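Chain order of the listed sequences is A and B.
So for the first sequence, the working numbering puts the first residue at 1; every next one is plus one.
So for the second sequence, the working numbering puts the first residue at 1001; every next one is plus one.
Every residue gets a Cβ at the ideal spot worked out from N, C-alpha and C, and that includes glycine.
Only a predicted model underlies this, so the values are computations on that prediction, with no experimental measurement involved.
There are 2 protein chains.
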Amino acid sequence: MSDPESQQPGRYAVILAGGIGSRFWPASTPTRPKQLLPLGGERPLILETVDRARRLVGKDRVRILTGHGLVDPFRRAVPDLEEHEFLVEPIARSTGPALVWAAHEIESMEPGALMISLHSDHVIQPFEEFENTIDRACRAATERHGLVCLGIEPARPETGYGYIETGEDLGEGVSSVLRFHEKPDAATAAEYASSGRFLWNSGIFVWRARDLLEEAANHAHEMKTAFPQLQLGDLEAYFRTVEPVSVDVGVLERSDRVEVARASFAWDDVGTWSALDRTRTADEHGNVVVGDASILEGSGNVVWAEDGPVRLFGVDDLVVVRSSDEVLVMPKSKAADLKRFITYLETP
Amino acid sequence: MSDPESQQPGRYAVILAGGIGSRFWPASTPTRPKQLLPLGGERPLILETVDRARRLVGKDRVRILTGHGLVDPFRRAVPDLEEHEFLVEPIARSTGPALVWAAHEIESMEPGALMISLHSDHVIQPFEEFENTIDRACRAATERHGLVCLGIEPARPETGYGYIETGEDLGEGVSSVLRFHEKPDAATAAEYASSGRFLWNSGIFVWRARDLLEEAANHAHEMKTAFPQLQLGDLEAYFRTVEPVSVDVGVLERSDRVEVARASFAWDDVGTWSALDRTRTADEHGNVVVGDASILEGSGNVVWAEDGPVRLFGVDDLVVVRSSDEVLVMPKSKAADLKRFITYLETP
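This is the structure we're talking about:
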């Protein structure tokens, strides 16, 4: 197998690492969002992600997009992270403006370079298959100057993910994109999952930095008036001027240069507490236990006991979390609805 | 209504207040057994019980039978308790030897006096009906020198209580006792509850102290050899020599002088966490909450949040306890089985 590096532009990885810490409340909080928790194994997701990105592109070519408040927590979780590896957003403006800024930085460092956009809080296994998919996506982005999404073969009729409808086969497991679909209802999800033509939108993207900038300029009216400030290097003004818009809505859903690379790795965005029974090892009764917990005559529970013990007797399919001095008890079936409960708790 | 006091011997109340604190674990512990918890209202059960006993017999005629370790906790819970109001057992030897000792003390203080034996951890309402039943039992004990149990009209086919089978009507709601029955299975309990002839054994007894001593001497071979030590006032030797036996097995089940007074008050021995939905006020969804807890879309739960908040979302009929740095989660249906779970937790 030839070395793709030798035939391709340099590669940079950008890690989206914002987050308000509500999906894994009370273990996650605004100052300790999900990516700081060990949701996929013994190490925090951010540490797994930085390691994975460095193996892909090398230590000096990884950048972490986040807010001021998370720089110190990340540096504690990943001790060898250096100041210059952070791209600190002055204010949060969603993924569109953040990734355009990152693309601008990368294009300045190395014109024509490839940019791999990752999330800080996904579980991906094994690395070799991930690397293989990224390589194919990089070749597609280099050859056709497309914006390449990584699409995951649906493992189940998941209603919590967006889907990508594939079009023409472009070779090497890469297709054109017919359309993006929002999170479907259960019946639609079942149809998607069995069709063979729909892939989960992983939110992982590969493109040449300059192609993202071009397509953002072509399509993302939310950002257009702010571009001059970016050129002038006035970051504060850029973020103050730009309208918040996701890269999906602002660019990908509008561009005709979007492609999708079918992934051959296992992927989970660990979106809710109930996902832990996929991403962490369960005992013989299907219980996932993190911390000091005992379970007798219970199955299928997810228990997170961080600041003191938790004892379960005769209960099934519950999420029980003890963290941040709080105790949360809910069925796994309510996990996707946790934000509504937090809103209820916050209502005076 | 004539004053029964004027026609009767003096009355003393003895409160059985031992306990190892397993039924309400983790809120109850060996140094904080159930009677120190506010299971019937806002005040600890022991305080309610001492108040009730003092209203029956007067402040100086109440004695509390317990172990060394509980004297200080009780004095903190009932600030005006004085040293001489305690009968401190050197070692726990079940209720038989303890009540015989108490009877011996009372008979020494006032020969011929009546003794009312109460538990420290029952919920009783209202006081007036309780007093009425005690008055009738006192008259029966005075007139016929019987050992009078208080029997409760079954409110449901409870399998957690012992039952008393009533015999001949002796007037004033008092009957002879045909037989004591152990905790029944569900079918038998249903039969008992609908028969009209079976009453719950409340464990509350009224007798002249000298009658208990007589009947213990007649029937309780477990205690007989230790009686001389009691007469000599050598308490340590008495408790060392005596065999542990409950007053029910050692005396009541063997004596033919046992009677039962049908109670007209509401009674609960608060035997398990699930009893709290009977003894404490529930919200409109049947949730009983003690402490800092929030419940959304849940019903029939018992929540005890003592050292930090507890949040329930979408769960029903659970017991959730946060106390003694532990968190316990179980269905109410498992509450009667809690000892087995504690044994499991203690097994290395």
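At a beta-carbon threshold of 7 angstroms, none of the residues of chain B lie near K332 of chain A; the nearest stands roughly 10 angstroms away. Listed in chain order, the non-local C-beta contacts of L178 of chain A below 6 angstroms within the same chain comprise E165, G167, local neighbours out to five positions each way being set aside. Against L328 of chain A, the close residues of chain B are V1310, R1311, L1312, F1313, in the order they occur along the chain (beta-carbon pairs closer than 9 angstroms).
Here the stretch 122 to 129 of chain A does not lie against the stretch 209 to 228 of chain A, with fewer than 3 beta-carbon pairs under 8 angstroms apart. Using a C-beta cut-off of 8 angstroms, the stretch 270 to 278 of chain A makes no contact with the stretch 210 to 220 of chain A, since fewer than three inter-stretch Cβ pairs fall below that distance.
Residue A:L328 holds the alpha-carbon nearest to the alpha-carbon of E306 of chain A among A:L235, A:E143, A:L328, A:D316. The Cβ atoms of E153 of chain A and A189 of chain A do not sit closer than 8 angstroms to each other.
For the beta strand (DSSP E) assignment, the uninterrupted runs of no fewer than 3 residues enclosed by the stretch 178 to 251 of chain A are, from N- to C-terminal side, 198 to 208.
Secondary structure in the stretch 1243 to 1308 of chain B: the beta strand (DSSP E) runs of 3 residues or longer, each lying completely within the stretch, are 1258 to 1262, 1266 to 1268, 1288 to 1296 in chain order. When DSSP reads this structure, E165 of chain A sits in a beta bridge with A:R179, A:F198.
For the stretch 1103 to 1149 of chain B, the continuous alpha helix (DSSP H) assignments of 4+ residues that do not extend past its boundaries occur at 1127 to 1144, in sequence order.
Pairwise C-beta distances place the stretch 1249 to 1264 of chain B out of contact with the stretch 1104 to 1116 of chain B, as fewer than three of them are shorter than 8 angstroms.
Contact holds between the stretch 1318 to 1337 of chain B and the stretch 314 to 333 of chain A, because three or more Cβ pairs, one in each stretch, are under 8 angstroms apart. Residues of chain B with a Cβ closer than 7 angstroms to the Cβ of L345 of chain A are, in chain order, S1294, R1311. One Cα belongs to L81 of chain A, the other to A193 of chain A, and the distance between them is close to 39 angstroms.
By a beta-carbon distance limit of 8 angstroms, V1319 of chain B contacts A1335 of chain B. Their separation comes to about 6 angstroms. Beyond the five residues adjoining it in sequence on each side, V1258 of chain B comes within less than 7 angstroms, by CB distance, of G1146, L1147, C1149, V1177, L1252 in the same chain, given in chain order. In the three-state reduction of the DSSP assignment, P1097 of chain B falls in the helix class, which pools H, G and I.
Around the beta carbon of I134 of chain A, 16 or more other beta carbons sit within 10 angstroms, so the residue counts as buried. Neighbours of L1150 of chain B in chain A, taken as residues at a C-beta separation under 9 angstroms, are lacking, since the least C-beta distance is about 34 angstroms. T1347 of chain B carries a coil assignment under DSSP once its states are collapsed to helix, strand and coil.
At a cut-off of 8 angstroms between C-beta atoms, F1205 of chain B does not count as an interface residue with respect to chain A. C-alpha of S323 of chain A to C-alpha of E1236 of chain B: approximately 49 angstroms in a straight line.
Pairing D277 of chain A with K339 of chain A, the inter-Cα distance amounts to about 20 angstroms.
Within chain B, the C-beta atoms nearer than 7 angstroms to that of V320 of chain A come from V1329, in chain order. Using a C-beta cut-off of 8 angstroms, the stretch 89 to 98 of chain A makes contact with the stretch 50 to 68 of chain A, since at least three inter-stretch Cβ pairs fall below that distance. For the C-beta of F341 of chain A, the chain B residues within less than 9 angstroms are, from N- to C-terminus, S1294, L1296, E1297, R1311, F1313, G1314. Excluding the 5 residues flanking it on each side, R197 of chain A has same chain C-beta neighbours closer than 7 angstroms at E165, T166, in chain order. Take P1073 of chain B, set aside five residues on each side of it, and the residues of its chain with a beta-carbon closer than 7 angstroms to its own are T1031, R1032, L1036, in chain order. In its chain, beyond the 5 residues on either side, L1081 have a beta carbon closer than 7 angstroms to the beta carbon of R1075 of chain B. With fewer than 16 other CB atoms across the displayed protein chains lying within 10 angstroms of its CB, M1109 of chain B is exposed. For the pair R1208 of chain B and A1113 of chain B, the CB atoms are nearer than the 8 angstroms cut-off.
DSSP places R1075 of chain B in the uninterrupted alpha helix (DSSP H) bounded by 1068 to 1077.
The Cβ atoms of L1047 of chain B and R1011 of chain B do not sit closer than 8 angstroms to each other.
Between A266 of chain A and the set A:G96, A:S202, A:H84, the nearest pair of CA atoms involves A:S202. Interface criterion not met: the Cβ of D51 of chain A is under 8 angstroms from no Cβ in chain B.
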